[in-house]
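In our numbering, the protein residues as written are 14 to 255.
One structure is given here, and the rest of the page talks about it.
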């Protein structure tokens, strides 16, 4: 059921003006909030780049450690081969001599496999270090881009702050023209809904919720009386004729 409104005279131009002002304020607040969001997003990308470098650096350290361990193992195995080789001249029989030769051959084959593993690790180190260099370069480029982004975002926020001060002054000026009887409801509705506290009437329909309005409400609008939508509670005003 439609709420019975007190008869309060108000100019449609004032409601249109207030609606425009609150739309502008909403847009300006979005612009002000957008700057920090863009900066935060850029910083997140930088942090991701730094973490990638840290991960690659850790991979370099682990790969170098593995290569060092295998090189130490290879030197120890090569020393053992030389020890066994020195025992050849001391072999007490052909059987012992053949066994020593077989041991040397097996150890040398194992050492060859170990050498290949070391070579692969060294190649891997080169690849990972090259990757780290690339990531450092990418991070440096992103840092430059981020500095430009921060500068641009802060400049845009500064402009938006100036616009905010101007539009806020216009809002205060316009609100002084509101009928005293309407100011309480206006303040509460603006606090709850912002720019959606207003709706233009399109023909016989509320532009906010598309509620079809009664002839009585339309007539009250035409008489410059304050009317609120019976469905969404917005302050209604007629569209300005083209």
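The C-beta atom is built at its ideal place from N, Cα and C for all residues, glycine as well.
Since the structure is predicted, the reported quantities are computational estimates derived from the model, not experimental observations.
| Check | Outcome |
| --- | --- |
| Simplified DSSP assignment, three categories, for residue 225 | strand |
| Residues near residue 95 in its chain [Cβ-Cβ closer than 8 angstroms; skip 5 each side] | none |
| Residue 225 burial status per 10 Å Cβ neighbour count (16 or more: buried) | exposed |
| Pair within 8 angstroms by beta-carbon distance, residue 29 and residue 199 | no |
| Rounded separation between residue 117 and residue 124 - CA only | 10 angstroms |
| Whole-angstrom C-beta distance between residue 73 and residue 175, which should lie under 8 angstroms | The Cβ separation is near 50 angstroms, so there is no contact. |
| Beta-carbon proximity check, residue 80 vs residue 131, cutoff 8 angstroms | yes |
| With 16 other Cβ atoms within 10 Å as the buried cut-off, status of residue 247 | buried |
| Unbroken beta strand (DSSP E) run spanning residue 213, endpoints | 211-215 |
| Coil, strand or helix - residue 59 by DSSP | helix |
| Own chain, CB closer than 8 angstroms to residue 104, minus 5 neighbours either side, in chain order | 110, 113 |
| One or two residues paired with residue 250 in a DSSP bridge | 213 |
| Any 3 or more C-beta pairs closer than 8 angstroms across the stretch 171-188 and the stretch 62-77 | no |
| Sequence-distant residues of its chain with Cβ nearer than 8 angstroms to residue 144 (five each side left out) | 69 |
| Local conformation of residue 241 per DSSP, three classes | strand |
| Cβ-Cβ separation, residue 128 to residue 87 (assumed contact under 8 angstroms), whole Å | 6 angstroms |
| First through last residue of the alpha helix (DSSP H) which encompasses residue 140 | 107-188 |
| Identity of the residue in 234, 243, 163, 236 nearest residue 54 by Cα | 163 |
| Cβ shell of residue 221 (< 7 angstroms), same chain only, five flanking positions each side left out | 209, 212, 242, 245, 247 |
| Rounded separation between residue 31 and residue 215 - CA only | 18 angstroms |
| Candidates 21, 20, 35, 202: closest to residue 181 by CA position | 35 |
| Reference residue 84; option with closest CA among 23, 52, 135 | 135 |
| Cβ-based burial, residue 173 [other Cβ within 10 Å; buried from 16] | buried |
| Residues that DSSP places opposite residue 22 in a beta bridge | 238 |
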